[in-house]
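Undergrad: If you're matching positions, the sequence shown starts at 11 in the working numbering and goes up one per residue.
All C-beta atoms, glycine included, are put in the ideal place defined by N, C-alpha and C.
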Amino acid sequence: GHVDHGKSTLIGRLLADTHSLPIGKLDQVKAICQANAKPFEYAFLLDALKDERSQGITIDTARIFFKTQKRHYIILDAPGHIEFLKNMITGAARAEAAILVIDAKEGVQENSRRHGYMMAMLGIKQLVVVINKMDLVGYDEAIFHKVREEYLSFLSEIDLEPLSVIPVSAREGKNLVQKASEMAWYSGNSILEQIDLFQSRPKTENIPFRFPVQDIYKFTKEKDDRRIIAGTLDTGMVKVGDTVQFLPSEKTSTIKTIEGFNTPETKQSRAGQATGFTLTEQIYIKPGELMVPSSDSAIQVGSTFKANVFWLGIRPLVMGKKYKLKSGASRQVLYLKHIEKVLDASDLSTNTTKDQVNRHDVATVVFQTVKPFAFDTEGQFENTSRFVIIDDYEIMGGGIILENLTNSNTHTDDTIQKREFEWIRSRISSDARAQKFQQKPMVIIFTGPKEIDRVEMALKLEEDLFRMGKGVYFLGISNLLSGLDSDIHGRGVEGRDEHI
Ligand code: GTP
Ligand code: MG
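1) Going by Cα to Cα distance, which pick from Val343, His15 and Leu86 is closest to Ile400?
2) Rounded to whole angstroms, what is the Cα-Cα separation between Gln224 and Asp87?
3) Look up Leu59 in the DSSP assignment and say whether it is helix, strand or coil.
4) Since Glu413 sits in a beta bridge, which residues does DSSP pair it with?
5) Got a sec, what are the start and stop residues for the beta strand (DSSP E) Ala384 sits in?
6) For Thr245, which residues does DSSP report across the bridge?
7) Take Arg23 and list the residues in its own chain whose beta-carbon comes closer than 8 Å to its own, dropping the five residues that flank it on each side.
8) In the DSSP output, which residue or residues are listed as bridge partners for Tyr333?
9) Quick check on this structure: which residue in Lys80, Leu165 and Ile295 has the alpha carbon closest to the alpha carbon of Gly126?
10) When you compare only the Cα positions, how much space is there between Lys35 and Ser304?
11) Less than 7 Å between C-beta atoms, sequence neighbours within five positions excluded: which residues of the same chain meet that for Lys143?
12) Between the Cα of Asn272 and those of Ala284, Ile265 and Lys266, spot the shortest distance and give me the residue it belongs to.
13) Keeping to the same chain, check which residues put their C-beta closer than 6 Å to that of Val175; ignore five residues upstream and five downstream.
14) Looking at the unbroken alpha helix (DSSP H) that takes in His125, where does it start and where does it end?
15) Under DSSP, the alpha helix (DSSP H) around Ala444 begins and ends at which residues?
16) Under the criterion of a Cβ to heavy atom distance below 7 Å, does Ser18 qualify as lining the ligand MG?
17) On a CA-only basis, which of Arg435, Gly338, Ile85 and Ser359 is nearest Phe221? Give me that one, please.
18) Determine the DSSP secondary structure at Thr28, reduced to helix, strand or coil.
19) Assuming Asn142 is part of the beta strand (DSSP E), what are its boundary residues?
20) Comparing alpha-carbon positions, which option in Gln449, Asp463, Phe456 and Thr457 lies nearest Phe476?
21) Let's test the definition: count the other Cβ atoms within 10 Å of the Cβ of Asp441 and tell me whether it reaches 16, buried, or not, exposed.
22) Given a threshold of 16 other Cβ atoms within 10 Å of its Cβ, counted over all protein chains shown, does Asn361 qualify as buried or as exposed?
23) Going by C-alpha to C-alpha distance, which of Lys332, Glu466, Ser436 and Phe287 sits closest to Gln255?
24) Going by CA-CA distance only, name the one from Phe75, Glu291, Thr28 and Leu56 that's closest to Arg236.
25) Going by DSSP in three states, Gly22 sits in which element: helix, strand or coil?
26) For the ligand MG, any of its heavy atoms closer than 7 Å to the Cβ of Ala53?
27) In this structure, does DSSP put Thr267 in helix, strand or coil?
28) Who are the Cβ neighbours of Ser395 in its own chain at under 7 Å, not counting the five residues just before and after it?
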């Protein structure tokens, strides 16, 4: 909600009225206020940091743990000030439901709309609108309906329908836990009743697994050539014997063991657990890949995708500039390729002709990464469908992937695409070159079993071609191993793909 519309007060009062505060906390904060000749605010209950208290605004997404008879909650208190939009989004990105607070007296404001739009964009479907500070408007039903109608018509434009709209006075504790006699005209739920009606999302354990590979640990002890693939399971469950694939490399294997860190041996690992796996076949994979079931049908691999993005950077998001994308465990170099539409959330006007995305704008765009990576599209896999964009070591924006627009996923195509991106072109075309040297350019790779003397064969061919007057150059694997490829350590199977 908009700044000062009463979000923190609502949470503070809810905690107080449900007796959720640590014993003595309420009195303690009241006493501090009195000692400083400052009027008590329920919002102070949440402000963990001192300087927040003095500024009177919440500057971080404080996490508040809270439980009702029905279930446990984590409440994130999102700041309303535009400067803190980033915190608001970080909080909101993990939310299953949202309460949007509007001051009855001030009515719908810029951030009421902007935040509503963010909810829609982040795919938060469970939204409750709270018209707060009803005490300031004499608990007037007509004013409630006026604000309600205005906001509902806005929400309908972005295809969002709230579960309910509740008139409250957070400060006075009206319609939070108890129904208010002052608003007898309202027959709907109180805040507490409403939040207990939120649907929990399906347990992440029950959906297919996503395991972003964070690291590979090698054992250096004699004969122990185990490799542990380490990370945290985002969703699902992995069992010993599961066949898995790694993306984007498309390598497959089978889970041999599950290695816990200082935990007893186990045969399965669940969403949320930091864990390590060993595989039955030794394959070469890198951190940043995504491990999914070998038969997964939802997972996408690609380098071009459509996304909803919100921009926080002071410098606008522009074409032709290199950005960094972070999604799952993957880090990618990213370019903005096309802007479909930019929405100015303050007045909700849509613009399809803009060539940049300004600070605080929300846009639908097409991005292209230099290398292909594995991702999900909007839906149940949050960590792998959402991303942040980094520029200058700072988060400048974030968003959610809507659609994979990559035409082909083959490794060769992607390698070529990557090269095309970064290659600085000569002005001489390859055709012109071929004509001039009277030869068709090509790379010939000599590969095969050790017994065959590949090097000798290649050297011989080089000589022959040279004698025929062709432009030819021999490149031995050792030249690569200690040169261009010196960062690739594996010599066996794991290195071979890379070297080729
Ligand atoms: P930010 O975190 O800065 O975005 O603000 P916020 O939405 O958390 O607002 P906060 O809860 O800090 O409340 C702002 C002011 O409104 C405080 O002075 C509150 O006492 C006052 N306020 C909140 N709820 C009510 C209410 O129901 N009635 C009245 N009269 N004042 C309220
Ligand atoms: Mg606040």
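TA: Let me spell this out:
1) Counting from 1 along the sequence shown, the entry for residue 400 is found at position 390. Closest option to Ile400, Cα to Cα, is Val343.
2) Sequence index remark: in the sequence shown, residue 224 carries index 214 (1-based). Sequence index remark: in the sequence shown, residue 87 carries index 77 (1-based). Each residue's alpha carbon lies about 30 Å from the other.
3) Looking up residue 59 in the sequence shown gives position 49. With a pLDDT of 39 at Leu59, under the threshold of 50, the predicted position of this residue should be treated as unreliable, and no value is reported.
4) To locate residue 413, count along the sequence shown from 1; it is residue 403. DSSP, once it has assigned bridges, lists Lys316 as partnering Glu413.
5) In the sequence shown, the residue the question calls residue 384 occupies position 374. That run of the beta strand (DSSP E) goes Val372 to Phe385.
6) Mapped onto the sequence shown, residue 245 falls at position 235. DSSP lists Arg220 as partners of Thr245.
7) Here the question's residue 23 lines up with position 13 in the sequence shown. Answer for Arg23: Tyr52, Ala180, Arg181, Gly183 and Leu186, listed in chain order.
8) Position 323 of the sequence shown, counted from the start, is the residue given in the question as residue 333. In the DSSP assignment, Tyr333 is bridged to Leu344.
9) Locating residue 126 in the sequence shown gives position 116, where the first residue counts as 1. Among Lys80, Leu165 and Ile295, the Cα nearest to that of Gly126 is on Leu165.
10) Stepping through the sequence shown from its first residue, residue 35 is reached at position 25. Stepping through the sequence shown from its first residue, residue 304 is reached at position 294. So the two alpha carbons sit approximately 52 Å from each other.
11) Along the sequence shown, one-based indexing puts residue 143 at 133. The answer, listed in chain order, is Gly16, Asp113, Ala114, Lys115 and Ser179.
12) What you label residue 272 is simply residue 262 of the sequence shown in a count that begins at 1. Nearest option by C-alpha distance: Ala284.
13) Start at 1 with the first residue of the sequence shown, and residue 175 comes out as number 165. Once the five neighbours on either side are set aside, the close Cβ partners of Val175 are Val139 and Arg158.
14) As a first step, residue 125 must be located in the sequence shown, where it is residue number 115. In the DSSP annotation of this structure, the continuous segment of the alpha helix (DSSP H) that includes His125 starts and ends at Glu120 to Leu132.
15) The residue you call residue 444 lines up with position 434 of the sequence shown. Counting along the chain, Ala444 sits inside the alpha helix (DSSP H) bounded by residues Ser440 to Phe447.
16) Within the sequence shown, residue 18 is the residue found at index 8, counting from 1. It does: the Cβ of Ser18 is within 7 Å (strictly closer) of some heavy atom of the ligand MG.
17) On the sequence shown, position 211 is the one that residue 221 refers to. It is Gly338 whose Cα lies nearest to the Cα of Phe221.
18) On the sequence shown, residue 28 is found 18 positions in, with the first residue counted as 1. Thr28 falls in the coil class under three-state DSSP.
19) In the sequence shown, counting from the first residue as 1, residue 142 sits at position 132. Per DSSP, Asn142 belongs to the beta strand (DSSP E) from Gln136 to Asn142.
20) Here residue 476 corresponds to residue number 466 of the sequence shown, with the count starting at 1. Checked all of Gln449, Asp463, Phe456 and Thr457; the closest Cα to Phe476 is Gln449.
21) The residue given as residue 441 occupies position 431 in the sequence shown. Asp441 comes out exposed.
22) As a working mapping, residue 361 is identified with position 351 in the sequence shown. Exposed is the call here.
23) For this step, residue 255 is matched to residue 245 along the sequence shown. Among Lys332, Glu466, Ser436 and Phe287, the Cα nearest to that of Gln255 belongs to Phe287.
24) Numbered from its first residue, the sequence shown carries residue 236 at position 226. When Phe75, Glu291, Thr28 and Leu56 are compared, the shortest CA-CA separation from Arg236 is found for Glu291.
25) Here the question's residue 22 lines up with position 12 in the sequence shown. DSSP places Gly22 in helix when its eight states are reduced to three.
26) As a position in the sequence shown, residue 53 is number 43, starting the count at 1. Answer for Ala53: yes, Cβ within range of the ligand MG.
27) In the sequence shown, counting from the first residue as 1, residue 267 sits at position 257. Note: Thr267 maps to strand in three-state DSSP.
28) Stepping through the sequence shown from its first residue, residue 395 is reached at position 385. Once the five neighbours on either side are set aside, the close Cβ partners of Ser395 are Phe385, Asp386, Thr387, Glu388, Gly389, Ile410 and Ile411.
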